[in-house]
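Residue numbers (the numbering used here): 3 to 189.
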């Protein structure tokens, strides 16, 4: 049965890039959050309930089918709100993770300064069309800090998730972060 790896953290922390490296190292499939975001936003406005509903539905259906496959594992990336939406976030995340016998959560954290730099990287812009409007993207990144708590407090992640690892990746390459994850969870 395939394994499930969830990489969480705020925008531009490096989730997709680490996921790309981990997918190569572990032989897993990478399903990063913008794969559905970019598709659904072409049909529904980003801030509408229909957008949110369709985005969640597509992701869940992909996970459901993948969990029944003979694949080795899947890596998913996304934000997780440790703030006011914690119960809602946890319910949705548990819904995905419960489809798999083995699931792991990796939280990435870096400085705002580093995130603002990473928000403009070629890899990010190549894979995330909505981020190519750099002014909008940077404003969304900054506004989300006021609305959401996208990194955990010390000890909080361990209380919420069973198989959990937090990595401060400011000065650590994506490949080295991927190696840490692979080793920690024996992927």
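Just so it is clear, CB atoms sit at the ideal spot from N, CA and C, and this is done for glycine as well.
Just so you know, these numbers come straight off a predicted model, no measurement behind them.
A Cβ-Cβ separation of about 7 Å places residue 154 in contact with residue 168 under the 8 Å criterion. Between the region 108-117 and the region 36-47 there are fewer than three inter-stretch CB-CB distances shorter than 8 Å, so the stretches are not counted as touching.
Assignment of beta-bridge partners to residue 109 by DSSP yields 10 and 168. Straight-line spacing of the CA atoms in residue 166 and residue 23 works out to 19 Å. The C-alpha of residue 15 lies about 12 Å from the C-alpha of residue 174.
Taking all protein chains shown into account, residue 136 has fewer than 16 neighbouring C-beta atoms within 10 Å of its C-beta and is therefore exposed. Residue 178 and residue 99 have their C-alpha atoms roughly 25 Å apart. Residue 140 and residue 121 have their alpha carbons spaced roughly 7 Å apart. Sequence-distant partners of residue 64 (beyond 5 residues in either direction) whose C-beta falls short of 7 Å from its own C-beta, in its chain, are 33.
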